[in-house]
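Just so you know, the sequences run in chain order L and Y. Under this note's numbering, the first residue of the first sequence is numbered 70, with each subsequent residue one higher. Under this note's numbering, the first residue of the second sequence is numbered 70, with each subsequent residue one higher. Every residue, glycine too, gets a C-beta built ideally from N, C-alpha and C. Nothing here was measured: the structure is a model prediction, and the numbers come from that model.
There are 2 protein chains.
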Amino acid sequence: MRASDTAYAALRDDILHGEFPPGAAFAEVEQAQRLNLSRTPIREAFARLAAEGLLVALSGRGYVVSELSRQTIVELFELRQVLEMQIASLVASRRDPAVFVALRDEFSAALESLQHPNGHDAYYELVARLDAAMDDAVQSRFLLAAIRQLRPHLARARRLAKDNPERLLASAREHLMIVDGIVDGDPELAAHATSIHLKRSLKHILAAVDQAAPTAAADSANLAR
Amino acid sequence: MRASDTAYAALRDDILHGEFPPGAAFAEVEQAQRLNLSRTPIREAFARLAAEGLLVALSGRGYVVSELSRQTIVELFELRQVLEMQIASLVASRRDPAVFVALRDEFSAALESLQHPNGHDAYYELVARLDAAMDDAVQSRFLLAAIRQLRPHLARARRLAKDNPERLLASAREHLMIVDGIVDGDPELAAHATSIHLKRSLKHILAAVDQAAPTAAADSANLAR
DNA sequence: CTGCTCTTTTCTGTATACAGAACTCGGGTG
DNA sequence: CACCCGAGTTCTGTATACAGAAAAGAGCAG
């Protein structure tokens, strides 16, 4: 593995795990010393993270971790919505049925196992495998690249909303609808089920964000009227 | 301007203008000498171009200009379709009417001026201004970033199909429908008009590609049955 | 004549030195 | 007391040196 990859992975994980909160500043020499590398691979890692949008460049004065405001999350989902609908739609027409029949069974089983609170990690892992199976089946490189670029930001957004059992159960039911559409080879069903899932997911995240920041909650309530 | 920006812009333009055809190899030292720079900014430019997908890295052995096959163009539009529909939809609900009323008038006028073959460049410039106005109005950073990343590839695809007057006239009418939807504040109309425009645009490009490569043309004809 | 292996060459990946730009902080001035 | 100017410091941006890996080519063996 190249040193620049190491640096990229380390910095990315640190940002995603919240070690460096939004607004935290990064300097090249500082990180080079921390990770025991020279500035060259650090520079490359910074450039990649900035291209992804996790860092923003302070023209000539280093980088800071990008903000993840309520508005940013809304914009994130304005893109995610159409990407995942298109992916679901294409996967429904291009999938290998066997793969998704198996996944459907697993999601069915998850409806039960989510009763136990320690089944949560297994559920996250199941969702990750569904994503991977869809990535495999979609056969559309640009679409794949676009959703891949979004995922780190989604991971950060997810961290803001601590999932509760009810939400996870609802999420499992929504995923089941998506997989059903894929198994049936029904692009519209898959896309619409995805739309529903993401609208609810966004609502859940925004509710958590608004609870943390009362002012924004009031704004949101006004907008909803 | 930084040297790495210079290198990036120069290499990008050379690729987009077809100076380096798909498959052409790039070495760091070679380009550093050609552009009179050291390897460091060249490296940075290569990394950016590879992230965009214009170059592909040959793990440890330089870069080559990426291919732009028929299949790649189809995949390009599988993403472009949903991005531009979403953008049109959001713009229709967020636009400043005055800006787009003015653009509508210009597209109306273009229907006339496109009769003269030397009005072509002016038309391309008008389309570019519509894009810019929509970029301005969409107010959705991730969506904007996604379409921006696609544009170099679209420029390459467009080069494959030499536009004829009939296609440009049809394109102007299609754009007029999109702008109408935006002016009317009708997201659905704007999105559907965009969908129509892009489907026809893809068809036009693929026809040109297939004419250049007869085998692919036969394949396409078979698929169409 | 073909295929394998070893040598040579050339390239990337990394470290580091150097220069110039931007910020900071202190002193002076209005 | 506030503001401005300038020296100093610290950072990025660029050039370059060096090491290691991969490919190309020559030579030898089958």
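Contact with chain L by residue i, beta-carbon distance below 8 angstroms
i        : result
Y:ARG210 : yes
Y:GLY250 : no
Y:ALA215 : yes
Y:GLU243 : no
Y:ARG294 : Its pLDDT being 46, under 50, Y:ARG294 is placed unreliably in this model, and the coordinates cannot settle the point.
Y:LEU219 : yes
Y:GLN184 : no
Continuous beta strand (DSSP E) stretch holding residue i: start and end
i        : result
Y:ALA126 : 124-126
Residue-chain proximity (residue i, chain Y), Cβ-Cβ < 8 angstroms
i        : result
L:MET70  : no
L:LEU127 : no
L:VAL151 : yes
L:GLU88  : no
L:ARG114 : Reading off the sequence shown, one finds Ala at residue 114 of chain L, where the question assumed Arg. Answer no: the Cβ-Cβ gap between L:ALA114 and chain Y never drops below 8 angstroms.
L:GLY122 : yes
L:GLU147 : yes
L:GLN29  : No statement about residue 29 of chain L is possible, as the shown extent of chain L runs from 70 to 294 and does not include it.
L:LEU159 : yes
L:GLN280 : no
L:GLU144 : yes
L:LEU271 : no
Spatial distance of residue i from residue j (CA atoms)
i        : j        : result
Y:GLN280 : L:LEU275 : 51 angstroms
L:ASP200 : Y:ALA241 : 40 angstroms
Y:GLU257 : L:ILE156 : 21 angstroms
L:LYS272 : Y:PRO91  : 45 angstroms
Y:LEU80  : Y:MET70  : 16 angstroms
L:ARG210 : Y:ALA72  : 31 angstroms
L:SER177 : L:LEU245 : 7 angstroms
Y:GLN208 : L:GLU153 : 20 angstroms
Y:ALA259 : Y:ILE247 : 5 angstroms
Y:ILE142 : Y:ALA226 : 7 angstroms
L:ALA224 : L:PRO234 : 19 angstroms
Y:PRO221 : Y:PHE146 : 13 angstroms
L:ALA239 : L:LYS231 : 15 angstroms
L:LEU212 : Y:ILE216 : 11 angstroms
L:ASP253 : L:ARG139 : 36 angstroms
L:TYR77  : L:ILE111 : 8 angstroms
Y:VAL134 : Y:SER128 : 14 angstroms
Y:HIS189 : Y:LEU104 : 33 angstroms
Y:LEU85  : Y:LEU137 : 12 angstroms
Y:THR236 : Y:ARG130 : As written in the sequence, residue 236 of chain Y is Arg, which differs from the Thr given in the question. If you take the alpha carbons of Y:ARG236 and Y:ARG130, they lie about 42 angstroms apart.
L:PRO186 : L:TYR192 : 10 angstroms
Residue span of the alpha helix (DSSP H) that contains residue i, given as start and end
i        : result
L:MET203 : 189-207
L:ARG117 : 108-121
Y:HIS261 : 256-281
L:LEU145 : 139-163
Y:ASP249 : 234-252
L:ARG225 : 210-229
Y:SER135 : Note, Y:SER135: premise wrong, no alpha helix (DSSP H); not H, not E.
L:PHE176 : 166-182
L:ARG71  : Unbroken run through L:ARG71: none, as it is neither H nor E.
L:GLU99  : 97-103
Close-in-space but distant-in-sequence residues of the same chain around residue i (CB under 8 angstroms, 5 per side omitted)
i        : result
L:TYR132 : ALA94, PHE95, PHE115, LEU118, ALA119, LEU124, VAL125 and ALA126
L:ARG294 : The predicted model places L:ARG294 with a pLDDT of 46, which falls under 50 and marks its position as unreliable; any figure quoted below should be read in that light. Nothing listed; no residue qualifies.
Exposed unless 16 or more other CB atoms sit within 10 angstroms - verdict on residue i
i        : result
L:ALA179 : buried
Y:GLY250 : buried
Y:ALA282 : exposed
L:GLN100 : buried
L:VAL98  : exposed
Y:PRO166 : exposed
Y:ALA171 : exposed
L:GLN218 : buried
Y:ARG173 : buried
Y:GLU243 : buried
Same chain, Cβ closer than 6 angstroms to residue i, neighbours up to 5 away in sequence not counted
i        : result
L:HIS150 : Note that residue 150 of chain L is Gln in the sequence shown, not His. Excluding residues within five positions, the ones whose Cβ falls inside 6 angstroms are LEU267.
Y:ALA206 : VAL160, ARG163 and ARG164
Y:ARG228 : none
Y:GLU113 : SER73
Own chain residues within Cβ distance below 7 angstroms of residue i, not counting five before or after
i        : result
L:ASP83  : PHE89
L:ARG87  : The sequence as given places Gly at residue 87 of chain L; Arg does not occur at that position. Only ARG228 meet the Cβ criterion.
L:GLU175 : LEU195
L:GLU121 : GLN218 and PRO221
Y:ASP255 : ALA161
Check: residue i C-beta below 7 angstroms from any heavy atom of the ligand GTP
i        : result
L:PHE176 : This structure does not include the ligand GTP; it has no bound ligands of any sort.
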